[in-house]
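**Q** Sharing a structure below in structure tokens format, with a few things to ask.
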Amino acid sequence: MKKLIAAAVATSVSAIAMADVSITGNANYEYFHSEANGYNTNYGDTEINLSVQGKTGDTTVVANFEVTHHGNDSSGALDIEDTYMTTKIGDVNVKAGNFASGTTALGGEIDQGSRATNKVDLNTKVGSATVGFAQALGTSASDADGTDSAAVYASMDIAGVTVSVKEQSDSYTLVGAKGSVNGINFRVEQKDNDSATTGDVLFYDIGSSFNGLNVSYAVLDADKSVSTASTAGAVTEGDSSVFAQELATDSDSKMKANVDGINQVTVGTTIDGTKVKLRVGEITGAAGYQDAAFSRIEASRALAGGTTLTVSYDDYEATGKTTSETMTDTQLLEIDLAVKF
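Just so you know, we're using my numbering here: the sequence shown kicks off at 168 and counts up by one.
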């Protein structure tokens, strides 16, 4: 009996030792000082992100958690952001669960990559191309909430340029190309909406390096819809990785009222180990409304303690001001202390 118990314990310990489980994450504290309409406001945000991953063979299980305290919210919040698994079935790659696409994905700067419920993504190689099928399932058998949606997509590298297309029947078609040609880096995407109530959107970001300076020019241009003659709903991404200001609000993913586009010039360099970036642009107003100019300068440096310090200063005008209204602006100082682990 003792030998059987010893063998069972040894087997258990061996299984634990061989388990491929990892916990990674990041955290940051942000301090803000805002000046707008004659009022000064100070507030802070704390955010901790944890990713738990378990692996066995070709299968990985992921659970991502976010813990936040925003502004004066003393209670904070715990959000289970992603819960999914990836595996292989023959030559087919499978990703299934609850997950979001990022802003670097096709259409990511146009549409918010909201976490789809019970999503299944299948893709495989056909020659030099990747082809796939993705479906976000409804939360009930009858799909009464209307969240059931399916799309097909494909991508291929042609002479160093990645060309992609995604089609969601009776909803939209996305086409894009990104790569580098003769030292010019570019990303161009067009979304054609099938609905008469939502306009089409063009996004592009083109840049290069000159004598240690990284220079780029980015644009989001939203068309008015056929039936409503409005840009409402055309852009829903409110947490851009490119633009210093947004065409959509991050809180409810709605296009800001009475605007139809944004353009921005970005210049970046490194000075004595400190990364410096300047972004200048404007959000263009619809007919009868003013353009809203903005600028952001930021400096980022890795500290000896393993953290990264980023200091930025924004100066931006209000959107939705008619041509007869007085323009107002906001100045925002942000100090961000971040760490990865």
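Cβ coordinates follow ideal geometry from the N, Cα and C atoms, glycine included.
Note that this is a predicted model, so its numbers are computed, not measured.
Just the C-alpha distance for Lys507 and Ser397, rounded to the nearest angstrom, thanks.
**A** On the sequence shown, residue 507 is found 340 positions in, with the first residue counted as 1. On the sequence shown, residue 397 is found 230 positions in, with the first residue counted as 1. Lys507 and Ser397: Cα-Cα distance of roughly 42 Å.
**Q** Where Gly269 and Thr254 are concerned, what is the direct C-alpha to C-alpha distance, given to the nearest angstrom?
**A** By 1-based counting over the sequence shown, the position of residue 269 is 102. By 1-based counting over the sequence shown, the position of residue 254 is 87. Near 20 Å, if we compare the C-alpha coordinates of Thr254 and Gly269.
**Q** Less than 8 Å between the C-beta atoms of Ala318 and Glu334, yes or no?
**A** On the sequence shown, position 151 is the one that residue 318 refers to. On the sequence shown, position 167 is the one that residue 334 refers to. Going by C-beta atoms, Ala318 is nearer than 8 Å to Glu334.
**Q** With distances taken between CB atoms, is the gap from Thr475 to Ala505 smaller than 8 Å?
**A** The residue labelled residue 475 in the question sits at position 308 within the sequence shown. The residue labelled residue 505 in the question sits at position 338 within the sequence shown. Yes; because the gap between Cβ atoms is below 8 Å, this pair is in contact.
**Q** What are the partner residues of Thr362, as DSSP defines its beta bridges?
**A** Along the sequence shown, one-based indexing puts residue 362 at 195. What sits at residue 362 in the sequence shown is Ser, not Thr. Paired residues: none, contrary to the question.
**Q** Please tell me whether Ala459 and Thr486 are closer than 8 Å, where the distance is taken between their beta carbons.
**A** One-based indexing of the sequence shown puts residue 459 at position 292. One-based indexing of the sequence shown puts residue 486 at position 319. The answer is yes: Cβ separation under 8 Å.
**Q** For the segment 388-408 against the segment 422-431, are there 3 or more C-beta pairs whose distance is under 8 Å?
**A** Touching, yes, given that three or more Cβ pairs across the two stretches are closer than 8 Å.
**Q** What residues in its chain sit with their C-beta under 6 Å from that of Asn216, if we drop five residues either side in the sequence?
**A** Along the sequence shown, one-based indexing puts residue 216 at 49. So the qualifying residues of the chain are Gly192, Asn193 and Glu233.
**Q** One question on the structure: do Ala321 and Ala301 come within less than 8 Å of each other, judged by their Cβ atoms?
**A** Numbered from 1 along the sequence shown, position 154 holds the residue referred to as residue 321. Numbered from 1 along the sequence shown, position 134 holds the residue referred to as residue 301. No, these two residues do not count as a Cβ contact at 8 Å.
**Q** Per the contact definition of three or more C-beta pairs closer than 8 Å, is the segment 357-365 in contact with the segment 405-417?
**A** Too few Cβ pairs lie closer than 8 Å, so no.
**Q** In the DSSP assignment, find the beta strand (DSSP E) that holds Ile190 and state where it starts and stops.
**A** As a working mapping, residue 190 is identified with position 23 in the sequence shown. Looking at the DSSP string, the run of the beta strand (DSSP E) that includes Ile190 is Asp187 to Ala203.
**Q** With DSSP run on the structure shown, which of helix, strand or coil describes Asp312?
**A** Sequence index remark: in the sequence shown, residue 312 carries index 145 (1-based). For Asp312, the predicted structure reports a pLDDT of 43, less than 50, and the residue's modelled location is therefore unreliable. A value from the coordinates is still provided. Asp312: coil per DSSP, three-state reduction.
**Q** For Asp481, which option in Met494, Ser462, Arg468 and Gly472 has the closest C-alpha, if you only look at C-alpha atoms?
**A** Counting from one through the sequence shown, the residue named residue 481 turns up at place 314. The shortest Cα separation from Asp481 among Met494, Ser462, Arg468 and Gly472 belongs to Ser462.
**Q** I'd like the span of the beta strand (DSSP E) that includes Gln302, first residue to last.
**A** Sequence index remark: in the sequence shown, residue 302 carries index 135 (1-based). Taken as a continuous stretch (DSSP letters only), the beta strand (DSSP E) holding Gln302 covers Ala296 to Ala303.
**Q** DSSP beta-bridge partners for Phe353?
**A** Taking the first residue of the sequence shown as 1, we reach residue 353 at position 186. According to DSSP, which records beta bridges pairwise, Phe353 is partnered with Gly346 and Ile373.
**Q** In the structure shown, what three-state DSSP assignment does Asp324 receive?
**A** Counting from 1 along the sequence shown, the entry for residue 324 is found at position 157. Strand, per DSSP.
**Q** Can you have a look at Asp258 and say buried or exposed, based on whether 16 or more other CB atoms are within 10 angstroms of its CB?
**A** Counted from its first residue, the sequence shown places residue 258 at position 91. Exposed: under 16 other Cβ atoms inside 10 Å.
**Q** Could you have a look at Leu470 and say whether DSSP puts it in helix, strand or coil?
**A** What you label residue 470 is simply residue 303 of the sequence shown in a count that begins at 1. Reduced to three states, the DSSP call for Leu470 is coil.
**Q** Spell out a yes or no on whether the segment 372-388 and the segment 425-444 are touching, meaning 3 or more CB-CB pairs, one atom from each, closer than 8 Å.
**A** Touching, yes.
**Q** For Ala230, which residues of its own chain have a beta-carbon under 6 Å away from its beta-carbon, when the five flanking residues on both sides are left out?
**A** The residue given as residue 230 occupies position 63 in the sequence shown. Counting only Cβ-Cβ distances below 6 Å, and skipping sequence neighbours, we find Val219 and Thr250.
**Q** Smallest Cα separation from Gly350: which of Ser383, Glu214 and Asp361?
**A** Translated into the one-based positions of the sequence shown, residue 350 becomes position 183. Ranking the options by Cα distance to Gly350, first place goes to Ser383.
**Q** When you compare only the Cα positions, how much space is there between Thr477 and Ile429?
**A** Against the sequence shown, residue 477 aligns to sequence position 310. Against the sequence shown, residue 429 aligns to sequence position 262. Going from the Cα of Thr477 to the Cα of Ile429 covers about 25 Å.
**Q** Do the CB positions of Leu328 and Gly346 come within less than 8 Å of each other?
**A** In the sequence shown, counting from the first residue as 1, residue 328 sits at position 161. In the sequence shown, counting from the first residue as 1, residue 346 sits at position 179. Reading the sequence as shown, one finds Val at residue 328 and not Leu. Yes, these two residues count as a Cβ contact at 8 Å.
**Q** Could you give the residue range of the beta strand (DSSP E) that holds Met145?
**A** Residue 145 cannot be examined here, being either before or after the span of the chain that is shown, 168 to 508.
**Q** Under DSSP, the beta strand (DSSP E) around Ser218 begins and ends at which residues?
**A** Residue 218 sits at position 51 when you count from the first residue of the sequence shown. It spans Tyr206 to Thr223 - the beta strand (DSSP E) in which Ser218 sits, taken as one unbroken run.
**Q** Buried or exposed: Thr493, going by 16 or more other Cβ atoms within 10 Å of its Cβ?
**A** Taking the sequence shown and counting its residues from 1, the one referred to as residue 493 is at position 326. Thr493 comes out exposed.
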